[in-house]
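Residue numbers (the working numbering): 20 to 248. Just so you know, even glycine gets a beta-carbon here, dropped at the ideal spot from N, CA and C. Note that the structure is predicted; figures quoted are calculated from it, not measured. Notes for the one structure printed next.
See the structure below:
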């Protein structure tokens, strides 16, 4: 019987949560393909794609299918940020956050739905606790992730009975996501952040549910996550 873990595409799969999801899929015997601008390590199947361009989604998924066969799962883990007060953040940087995090997620989902429907597959979108709670100096990120929340809920309604949709809402994780930020926007030395491999377990749990069972939303955060609830 086909499982959503059989052949999974992971956006942002070269690092962070995306790479952790790929490891978790492989651990369960599935095949995963990374969609990323950067090549992942360890010979992981890879399709080069820049998801700030929504036109890249369709050919990227087509290339992934050519590499591993019909897709059974998609995880939209790619994400970027641009911290600072709205008047201080370069407009192109601000817009790119929306393009990658929200438009990129929607473009991948749009290209994935007919493929996943044919194989009774599932999609896991990745929002954020900052898609539920606003924070100063994070207007672009909050706007993008609030958008992912609304998009994911609408997509679940639209595809009910055809494609499984789960929205993951992660808190802070120990990844390179914070690299390159000004010090004031980096987690402090005493910050408690989740291991992305632990968060990835929630993703494969959602992907591995039996037919007819849906986990619509999952919040996975450190026990002292400051942006929850």
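- If you draw a straight line from the Cα of residue 23 to the Cα of residue 72, it is about 26 angstroms long.
- Ranked by how close their Cα comes to the Cα of residue 49, the residues 63, 55, 58 have 63 in first place.
- Restricting attention to 175, 148, 39, 226, the CA atom closest to the CA of residue 125 is found in 175.
- Using a Cβ distance threshold of 9 angstroms, residue 33 and residue 80 do not count as a contacting pair.
- The alpha-carbon separation between residue 140 and residue 53 amounts to approximately 17 angstroms.
- Judged by beta-carbon spacing, residue 239 lies beyond the 9 angstroms limit of residue 154, meaning their Cβ atoms are not closer than that value.
- Taking a contact to require three or more Cβ pairs closer than 8 angstroms, the stretch 207–216 and the stretch 25–39 qualify as touching.
- Taking all protein chains in view, the Cβ of residue 190 is crowded by 16 or more other Cβ atoms within 10 Å, so the residue is classified as buried.
- In this model, residue 92 and residue 232 are separated by some 15 angstroms (Cα to Cα).
- When rounded, the separation of the alpha-carbon atoms in residue 26 and residue 61 is 18 angstroms.
- Spanning the alpha carbons of residue 241 and residue 147 requires a straight line of approximately 13 angstroms.
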